[in-house]
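All residue numbers for the sequence shown refer to the numbering used here, where the first residue is 136 and numbers rise by one.
Take a look at the structure set out below.
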Amino acid sequence: MKHFIELPKIPHVEMPSRSTKAKHETSEPSPTGTTSEKIAYYLKRVDEALQGGGEKRIAAQHEKGKYTARERIDKLLDPGTFVETGQFLVHKGIGLMKGKPELDGDGVVTGYGRINGRLVYVYSQDFTILGGSLGNAHARKIVDIYKRALKNGAPVIGFNDSGGARIQEGVDALAGYGDIFFSNVNASGVIPQISVIVGPSAGGAVYSPALTDFIIMTEDTSHMFITGPSVVEEVMGEKTSFDELGGAGVHAFKTGVAQFAGRDEDDSIELVRNLLQFIPSNNLEDPPIIDPTDDKARTSDRLDEIIPDDSNTPYDMKEIIHEIFDHGQFMEVFEHWGKNIIIGFARLNGVSVGIVANQPKILAGALDIDASIKGGKFIRFCDAFNIPIISLVDVPGFLPGLQQEHGGIIRNGAKLLYAYCEATVPKITVITRKAYGGAYIVMGSKHLATDYNFAWPTAEIAVMGAGGAVKILHGRKLNAMEDDDEKNAEIDKLTTEYKEQFYSPFTAAKLGHIDEIIMPSETRPRIIEALWPLLTKRESRMKRKHGNMPL
Ligand code: HXC
136 MKHFIELPKI
146 PHVEMPSRST
156 KAKHETSEPS
166 PTGTTSEKIA
176 YYLKRVDEAL
186 QGGGEKRIAA
196 QHEKGKYTAR
206 ERIDKLLDPG
216 TFVETGQFLV
226 HKGIGLMKGK
236 PELDGDGVVT
246 GYGRINGRLV
256 YVYSQDFTIL
266 GGSLGNAHAR
276 KIVDIYKRAL
286 KNGAPVIGFN
296 DSGGARIQEG
306 VDALAGYGDI
316 FFSNVNASGV
326 IPQISVIVGP
336 SAGGAVYSPA
346 LTDFIIMTED
356 TSHMFITGPS
366 VVEEVMGEKT
376 SFDELGGAGV
386 HAFKTGVAQF
396 AGRDEDDSIE
406 LVRNLLQFIP
416 SNNLEDPPII
426 DPTDDKARTS
436 DRLDEIIPDD
446 SNTPYDMKEI
456 IHEIFDHGQF
466 MEVFEHWGKN
476 IIIGFARLNG
486 VSVGIVANQP
496 KILAGALDID
506 ASIKGGKFIR
516 FCDAFNIPII
526 SLVDVPGFLP
536 GLQQEHGGII
546 RNGAKLLYAY
556 CEATVPKITV
566 ITRKAYGGAY
576 IVMGSKHLAT
586 DYNFAWPTAE
596 IAVMGAGGAV
606 KILHGRKLNA
616 MEDDDEKNAE
626 IDKLTTEYKE
636 QFYSPFTAAK
646 LGHIDEIIMP
656 SETRPRIIEA
666 LWPLLTKRES
676 RMKRKHGNMP
686 L
């Protein structure tokens, strides 16, 4: 982990209130008159800019249950901390925009402010101005925000509410998108990027959010798709609706495009504020550590009894998460997609950590395509931003079947494996029950350069479960047995032998493949003790341009 100087904690300066400006408002506004007239003109221009697309369009926005671009920024940032940039930037007046009115700010509000005192950069597309469509000046403002955020090492939060590329500006609008995509990629892994979708996000425009770290969609009012319902019907003959094609439900439950779905805009904004509490401002900062308020020595008797006697009986891994981490608090990411793996943020003795855990309640916790992509993407985020990874393992293997094989489980499963291997942040693994086959190796096994591997006494570390193993190892002998009773007795005997060998963690411990077997009830204090020496961990790999991760 790297230690860099944090931004000094200087209180923000309250902006002066309008009342101090009242004396200038009696003057006739003029850009070339007396000083008082010039100031009056400036104040008039600011007022006009603040009105966006005007009262009617603002009312229409509210009627749809949406906030305006400025209202969103006000709700996101600590009160009174917003500083605007590019308020008077306008379109170039070329193409079909020739002779069209200049629109202050060109349909996007940009600037910086604070969230819980920390610096953030923000852009907010203004649907009341030409449908928030993206012209070249609009794009330049967003790119400028990225440049500033990169220089000063602070997250970018973007509110997306736009009809996409401004048709009137043609290639100049497309060029603007290209510049934004480049900025997204250039900033990836350096500063956190969060996209909040609060309206339409259509066409190639969806790729800017898709290049960021987190997408928060808003139920009912936000949509993301490459082509809208009318084009889909025309080209493919498929009748569909905005919601069915690309609503928050689709992207948070089915496609894995959106990590979060806010019930409404207030909820989406709260998600951003909560999320930022767990992540540093840039890749050179340590993750946020708060003064711990939960007992670091707290044990949990519940954990000594949570694993069922029958190893095929499911239990809820989330219960284990709640018992171990500070105050049982857990911010789940992708709660509704790929539910056989659980990922999210929590704190351990005040330290922000990322959790990757199999969920035995869903598909027995097996790894499939979605789970592998979901886990891999999250691990890469944590690694980029110095957030330690705690893995909780109960995995019977990769999900078998035609659908998975033909869907590319080999290529996609490799993403999770690659991400674990690549990560140099502190990595601690706890095996609670099953750890079978390739999935055992993938889920943060000791061989992937983890730092500490624990196992509960209930851990089963084997190439496969007893049933399958006995059939493969002794199939010929068992098939030759004609008496069923004799055969079943032999299967029972062989199964017991196999279980004695592998259904306890001692074989793995004797061979050094796990570091320690621990009481489940003591997991919290044991992980806390394992984590603190790792907070100064430094690990570097061989220099290269970049690895060729499986895509
Ligand atoms: C210019 C646009 C616009 C656009 C909307 N407007 N989209 N102006 N360029 N792309 C304007 C409308 O003309 C209208 O202006 C105002 O915004 C509000 O739009 P409405 O249609 O009245 O609103 P609504 O009914 O809510 O519908 C919103 C919408 C629809 C679903 C976004 O406007 C729409 O389908 N727009 C086009 C979406 C699209 O296909 N964009 C191109 C995507 S391709 P007035 O003055 O009448 O109020 C793309 C390429 C990116 O973006 C490539 C990157 C490499």
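Don't be surprised by glycine CBs; every beta carbon is placed ideally from N, CA and C.
Own chain partners of residue i with C-beta closer than 7 Å, once the 5 adjacent residues on each side are dropped
i: Phe139; result: With a pLDDT of 44 at Phe139, under the threshold of 50, the modelled position of that residue is not reliable, and the figure given next carries that caveat. Here the set comprises Leu419 and Glu420.
i: Leu552; result: Val577
i: Arg679; result: none
i: Tyr281; result: Val291, Ser318 and Ala322
i: Arg398; result: Glu354
i: Ser507; result: Asn547, Gly548, Lys550 and Leu551
Identity of the residue in the options nearest residue i by Cα
i: Asp401; options: Leu211, Ile626, Leu666 and Leu178; result: Leu211
i: Lys431; options: Glu657, Gly610 and Lys672; result: Glu657
i: Ala554; options: Gly338, Gln394, Tyr450 and Met684; result: Met684
i: Val468; options: Phe388, Leu438 and His541; result: Phe388
i: Leu527; options: Asp182, Lys158 and Ala492; result: Ala492
i: Ile596; options: Gly542, Gly532 and Lys276; result: Gly532
i: Ala570; options: Lys612, Ser435 and Val598; result: Val598
i: Gly381; options: Phe316, Gly234, Val392 and Met371; result: Val392
i: Lys158; options: Leu178, Gly682, Gly267 and Arg661; result: Leu178
i: Asp518; options: Pro422, Val320, Pro592 and Gly384; result: Pro422
i: Gly189; options: Ile264, Asn475 and Val605; result: Ile264
Integer-rounded CB distance, given that residue j should sit under 8 Å from residue i
i: Leu269; j: Gly299; result: 7 Å
i: Ile663; j: Asn484; result: 5 Å
i: Ala274; j: Asp314; result: 6 Å
i: Gly510; j: Ile478; result: 6 Å
i: Asp296; j: Gly187; result: About 12 Å; that fails the 8 Å criterion.
i: Leu254; j: Ala289; result: 4 Å
Residue i versus residue j - alpha carbon distance
i: Arg283; j: Tyr256; result: 8 Å
i: Thr356; j: Lys199; result: 8 Å
i: Ala340; j: Gly311; result: 10 Å
i: Ala308; j: Lys550; result: 35 Å
i: Pro655; j: Leu411; result: 31 Å
i: Phe480; j: Gly572; result: 27 Å
i: Pro668; j: Asp586; result: 10 Å
i: Ser403; j: Ala345; result: 17 Å
i: Ile174; j: Val225; result: 21 Å
i: Leu534; j: Lys496; result: 14 Å
i: Asp241; j: Ile563; result: 49 Å
i: Glu651; j: Phe589; result: 5 Å
i: Thr353; j: Ile292; result: 15 Å
i: His358; j: Phe377; result: 7 Å
i: Asp338; j: Ile302; result: Before going further, note that residue 338 is Gly rather than Asp in the sequence given. Rounded to the nearest angstrom, the two C-alpha atoms are 12 Å apart.
i: Gly489; j: Arg659; result: 15 Å
i: Phe516; j: Gly324; result: 7 Å
i: Thr559; j: Leu583; result: 10 Å
i: Lys628; j: Ile459; result: 38 Å
i: Thr220; j: Ile442; result: 56 Å
i: Phe395; j: Glu635; result: 44 Å
i: Arg546; j: Ile653; result: 35 Å
i: Trp472; j: His386; result: 9 Å
i: Ala601; j: Thr630; result: 6 Å
i: Lys645; j: Tyr575; result: 17 Å
i: Pro327; j: Val407; result: 11 Å
Chain-order list of residues whose beta-carbon lies under 6 Å from that of residue i (same chain, five-residue window excluded)
i: Ile424; result: Gly485 and Val486
i: Ala594; result: Ile566 and Pro640
i: Ser675; result: none
i: Phe349; result: Ile329 and Gln394
i: His681; result: none
Other residues of its chain near residue i: CB distance less than 8 Å, five sequence neighbours each side excluded
i: Gly215; result: His147, Glu149 and Met150
i: Ile208; result: Phe217, Val244, Gly246, Gly248, Val257, Ser259 and Phe294
i: Tyr202; result: Gln196, Lys210, Val333 and Glu400
i: Ser365; result: none
i: Glu163; result: Glu172 and Ala175
i: Pro561; result: Met136, Pro523, Ile524, Asp586, Leu666, Leu669, Leu670 and Lys672
Identified DSSP bridge partners for residue i
i: Tyr258; result: Thr245 and Gly293
i: Phe533; result: Leu502
i: Gly397; result: Thr353
i: Lys569; result: Glu595
i: Thr564; result: Ser526 and Asn588
i: Ile662; result: Per DSSP, none; premise fails for Ile662.
i: Asn493; result: Ile476
The ligand MG heavy atom lying under 8 Å from the CB of residue i
i: Gly339; result: The ligand MG is absent from the structure shown, which contains only the ligand HXC.
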